[in-house]
Every structure is written in C-alpha cells, then in structure tokens.
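Working notes, beginning with the structure itself.
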C-alpha cells in the first residue's frame with residue numbers, strides 16, 4: 529500500500545462518496561457520510577485541545593459512532609486508545625491511568641468507572657458539529673506517528689500499552705495486498721472488539737480499499753444462527769475469526785449452505801488453528817471457492833506477521849502451519 533490506511537479511506541470518500549462504507553443495525557453510512565461524521569468528531573476534539581501526538585481514549589460500543597470517532601482521532605494525528613465497554617471496570621480504569629489520555633470518548637458505562645482520571649466527552653457531543661461548517665483536518669501524520677495504543681491481555685500480570693504507527697499499518701497492508709486483493713466489492717465484518725488488534729485488520733481491509741464494513745449487534749455476534757443469517761443478508765465476502773469463534777459459528781454457516789453466502793475468504797488469527805476443525809467446513813465450502821488463510825502475529829508486529837493458505841492435504845495435520853513471514857517483515861521483527 530503506497531498510502532496510509534487513513535489516506536485510503538479519505539481518497540475513497542472523495543472519489544466514491546456515495547458508496548456504502550458502513551452498515552450497522554440502524555443504518556447504512558456512505559463514505560461521504562462517514563467522512564462528514566469523522567470531521568465533526570475532529571472539530572470537537574480540536575475544540576477540547578486535542579493536537580497531533582495526543583492520546584484519546586475510545587470506549588464506545590461497535591457501530592457508526594465508534595468508527596467515525598476512530599477516524600476523527602486519527603485525522604488529527606492523535607492516537608486512539610481502545611477500552612472495551614464490556615471489559616471489567618478495573619481493567620479500563622488501569623488503562624486510562626496508564627495511558628494518560630488528553631480526554632476520552634466513552635459510553636456511559638465506561639465513564640462511570642473512570643473516577644475522574646481524565647476529561648470525558650459524551651459521544652453525542654462529538655457529533656454535534658455535523659451539518660455545520662467544519663474544516664477537514666490536513667494530513668497531520670507521518671510513518672512514525674502513533675495511530676493507536678492497544679493494551680495486551682496481561683499474561684505477565686499487568687497489561688502493557690503497545691503503540692503502533694501509521695507506517696506499521698501501511699506495511700501490513702502493503703505486504704498482504706497481492707494475497708487478498710481487497711477492493712470495493714468486498715464486505716467484511718467487525719466481529720472483534722476494537723480493543724483486540726484483529727479489529728485493525730477487519731476495519732482497514734475494508735475502509736482503506738473502498739469496501740463496506742458491516743457491524744453486527746451483540747445478539748447477532750453471540751448467537752451462531754443469527755450470525756450465519758447476518759453473513760447471508762449482508763453478502764459478506766471476507767470473514768475474520770479466531771479459531772474458537774469459528775468453531776462455534778461454522779456449523780450454522782455450513783447448515784445455511786454455500787449457495788446462500790458470498791464468502792470468498794476466511795482469515796484465522798489470534799489463536800492456534802486446529803486443522804480438524806475445518807473438515808466439515810471444507811466439504812460444504814471447497815477451498816477453491818472459499819480460501820482459508822491462517823495468520824500469525826502479535827500486537828507488537830501489527831496484527832499479523834505470517835500467512836499460510838490452507839490446502840486440502842493439510843486437514844489431517846496435527847500441527848498448525850503459519851507459513852512464511854509477510855514480505856518485508858523479516859527486517860521488522
């Protein structure tokens with residue numbers, strides 16, 4: 529990718545403004561509409577003193593407001609720090625204390641647990657500027673500018689914040705473009721929490737390439753039969769899953785039938801993939817129709833670092849092949 533993901537989105541907002549960028553349970557938002565909402569967020573944040581290099585905590589439920597806020601933060605050259613509204617309040621409070629954000633965009637449930645750690649903006653206030661004359665921020669980021677700070681799960685006893693730059697995000701997508709060919713005909717799902725870095729891949733594989741990001745509500749995401757219906761209704765082409773989530777959802781998707789879906793690729797990440805999990809799936813979704821890609825990486829190396837395309841001969845393997853390093857990543861690890 530020659531441009532940063534945020535630039536890819538802004539380019540599509542200029543050249544394909546009426547194309548759908550996002551669908552959630554309430555509405556469809558075009559690229560122009562999402563850009564307008566993001567500009568309003570940027571304007572509000574600037575009015576509260578946010579400048580390039582600042583950190584802004586982001587704790588909203590999945591939906592259009594979350595994505596607009598994320599883009600609005602990035603446009604200023606600031607970094608977003610995700611806090612999951614469904615995570616324990618103690619963890620979220622620790623994140624806020626540690627990252628020292630300039631301010632926070634938080635849902636009410638998250639705000640209640642902040643104990644005044646930082647100034648908080650109500651999410652609705654951040655979109656009050658929609659419809660008024662707001663200036664679109666000029667590019668305020670470079671390859672070295674931090675785009676987000678994601679906190680790890682804390683296996684060592686205390687989660688740590690991992691800053692990831694715009695340049696690292698660009699490197700990830702530049703290294704995977706020829707393997708995935710993301711484009712305007714794609715529709716993907718924001719399945720994972722924005723506090724889990726798999727979401728970075730989900731969001732920007734759509735918005736940086738002109739695709740449509742579809743966001744299920746909580747029930748759709750946690751009920752396998754409803755999630756299968758969601759894939760069919762929205763004609764999802766790219767599905768990203770941890771193997772444990774796939775194990776829960778795959779039987780319902782298989783029962784739905786390949787003819788009712790538009791899937792072209794399933795990407796695994798975040799956990800070890802057990803090849804036996806794929807046996808019944810491949811009978812319903814042949815690998816020459818729906819590619820299955822196993823990817824491996826850690827937060828510090830920007831979501832994914834390696835890539836392996838599953839073959840039918842792999843289904844009896846007891847190991848979990850992770851393939852080769854992504855192009856250019858050997859020098860970054």
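In my numbering, the protein residues as written are 529 to 861.
Quick reminder that beta carbons are idealized off the backbone N, C-alpha and C, glycines included.
With DSSP as the reference, label residue i as helix, strand or coil.
{"i": "residue 600", "result": "helix"}
{"i": "residue 619", "result": "helix"}
{"i": "residue 672", "result": "coil"}
{"i": "residue 817", "result": "coil"}
{"i": "residue 554", "result": "coil"}
{"i": "residue 859", "result": "In this predicted model, residue 859 has a pLDDT of only 49, less than 50, meaning its place in the structure is not dependable enough to derive any value."}
{"i": "residue 678", "result": "strand"}
{"i": "residue 724", "result": "coil"}
{"i": "residue 843", "result": "coil"}
{"i": "residue 893", "result": "The requested residue 893 is not part of the displayed model; the chain covers only 529 to 861."}
{"i": "residue 764", "result": "coil"}
{"i": "residue 634", "result": "strand"}
{"i": "residue 868", "result": "Since the first residue shown for the chain is 529 and the last is 861, residue 868 is missing from the structure and cannot be characterised."}
{"i": "residue 666", "result": "coil"}
{"i": "residue 579", "result": "coil"}
{"i": "residue 537", "result": "helix"}
{"i": "residue 782", "result": "helix"}
{"i": "residue 716", "result": "strand"}
{"i": "residue 739", "result": "coil"}
{"i": "residue 691", "result": "strand"}
{"i": "residue 793", "result": "strand"}
{"i": "residue 702", "result": "helix"}
Can you give me the Cβ contacts of residue i inside the same chain, cut-off strictly under 8 angstroms, excluding the 5 residues immediately before and after it?
{"i": "residue 606", "result": "573, 578, 579, 580, 581, 582, 583, 584, 630"}
{"i": "residue 560", "result": "541, 545, 546"}
{"i": "residue 793", "result": "708, 765, 766, 767, 818, 819, 820, 821"}
{"i": "residue 669", "result": "532, 534, 580, 602, 605, 675, 694"}
{"i": "residue 826", "result": "833"}
{"i": "residue 681", "result": "687"}
Just to confirm my understanding: we take residue i, look at its own chain, exclude 5 residues before and 5 after, and list those with CB closer than 7 angstroms. What are they?
{"i": "residue 772", "result": "799"}
{"i": "residue 589", "result": "613, 635"}
{"i": "residue 672", "result": "693, 695"}
{"i": "residue 718", "result": "590, 727, 730, 731, 741, 743"}
{"i": "residue 626", "result": "689"}
{"i": "residue 810", "result": "840, 843"}
{"i": "residue 747", "result": "754"}
Among the options, whose alpha-carbon lies nearest the alpha-carbon of residue i?
{"i": "residue 666", "options": "602, 616, 790, 576", "result": "602"}
{"i": "residue 857", "options": "695, 619, 564, 534", "result": "695"}
{"i": "residue 697", "options": "551, 730, 619, 844", "result": "730"}
{"i": "residue 787", "options": "728, 759, 587, 797", "result": "759"}
{"i": "residue 820", "options": "827, 836, 826", "result": "836"}
{"i": "residue 832", "options": "648, 757, 725, 848", "result": "725"}
{"i": "residue 784", "options": "734, 754, 770", "result": "754"}
{"i": "residue 558", "options": "595, 815, 710, 677", "result": "595"}
{"i": "residue 738", "options": "765, 600, 609, 710", "result": "710"}
{"i": "residue 770", "options": "727, 748, 790", "result": "727"}
{"i": "residue 568", "options": "597, 823, 742", "result": "597"}
{"i": "residue 752", "options": "733, 734, 781", "result": "781"}
{"i": "residue 745", "options": "732, 720, 673, 705", "result": "720"}
{"i": "residue 776", "options": "790, 763, 791, 808", "result": "808"}
{"i": "residue 536", "options": "795, 838, 563", "result": "563"}
{"i": "residue 676", "options": "843, 668, 690, 663", "result": "690"}
{"i": "residue 622", "options": "688, 756, 550", "result": "688"}
{"i": "residue 842", "options": "855, 530, 803", "result": "803"}
{"i": "residue 663", "options": "548, 600, 551, 796", "result": "600"}
{"i": "residue 552", "options": "814, 796, 824, 716", "result": "716"}
{"i": "residue 593", "options": "714, 615, 747, 556", "result": "556"}
{"i": "residue 714", "options": "705, 618, 747, 733", "result": "733"}
{"i": "residue 796", "options": "789, 790, 824", "result": "824"}
{"i": "residue 586", "options": "679, 756, 633", "result": "633"}
Which value, in whole angstroms, describes the spacing of the CA atoms of residue i and residue j?
{"i": "residue 860", "j": "residue 829", "result": "Reliability fails at residue 860, whose pLDDT of 44 lies under 50, so the model's placement of it is uncertain and no value is given."}
{"i": "residue 533", "j": "residue 805", "result": "33 angstroms"}
{"i": "residue 761", "j": "residue 645", "result": "42 angstroms"}
{"i": "residue 736", "j": "residue 700", "result": "12 angstroms"}
{"i": "residue 846", "j": "residue 839", "result": "14 angstroms"}
{"i": "residue 620", "j": "residue 611", "result": "6 angstroms"}
{"i": "residue 851", "j": "residue 774", "result": "20 angstroms"}
{"i": "residue 853", "j": "residue 609", "result": "28 angstroms"}
{"i": "residue 812", "j": "residue 779", "result": "10 angstroms"}
{"i": "residue 543", "j": "residue 722", "result": "27 angstroms"}
{"i": "residue 650", "j": "residue 566", "result": "15 angstroms"}
{"i": "residue 648", "j": "residue 550", "result": "26 angstroms"}
{"i": "residue 702", "j": "residue 791", "result": "23 angstroms"}
{"i": "residue 814", "j": "residue 789", "result": "13 angstroms"}
{"i": "residue 750", "j": "residue 624", "result": "28 angstroms"}
{"i": "residue 571", "j": "residue 538", "result": "16 angstroms"}
For residue i, collect the residues of the same chain with a Cβ closer than 6 angstroms to its Cβ; drop the 5 residues on either side in sequence, then sort them by chain order.
{"i": "residue 576", "result": "631"}
{"i": "residue 801", "result": "771, 822, 848"}
Are any of the Cβ atoms in chain B nearer than 9 angstroms to that of residue i?
{"i": "residue 696", "result": "Here chain B cannot be found, since the structure has a single protein chain."}
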